[in-house]
């Protein structure tokens, strides 16, 4: 079974827009952690998606941050996943032109 990657701002935004409750999102954050830095733009993205002040404060507190000893491994896995998706998209594009 593949390891579950930490959540990103985009993941949390999608969860909020999909109707996940804040306690459910906090549970996922406690398990999977948060891989982003919450800058003003990302904070606004979450606010637009429906994040509560309490959720934003919990994320900003660092309580859900990826533990330092796991951070590099998680980032590497996320980069590999992004590269794999790009490769698959390129292959699909080539197949469409055949």
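Residue numbers (my numbering): -13 to 84. Glycine included, C-beta positions come from ideal geometry on N, C-alpha and C. Note that the coordinates shown come from a computational prediction; the quantities given were computed from them, not determined experimentally.
For the set 18, 77, 51, 6, the Cα lying nearest the Cα of residue 37 is the one of 6. Residue 27 and residue -4 have their C-alpha atoms some 12 Å from each other. For residue 2, the secondary structure class from DSSP, reduced to helix, strand or coil, is helix. Closest by C-alpha distance to residue -9, out of 75, 61, 8, 78, is 61.
In this structure, DSSP gives residue 51 an extended state, which the three-state scheme calls strand.
For the set 53, 74, 66, 64, the Cα lying nearest the Cα of residue 17 is the one of 53. Between the C-alpha atoms of residue 15 and residue 76 there is a straight-line separation of about 32 Å. Going by C-alpha positions, residue 70 is about 15 Å away from residue 80. Contact check for residue 44 against residue 66 fails: the beta carbons are separated by 8 Å or more. Looking at the DSSP output, residue -7 sits in a beta bridge with 20.
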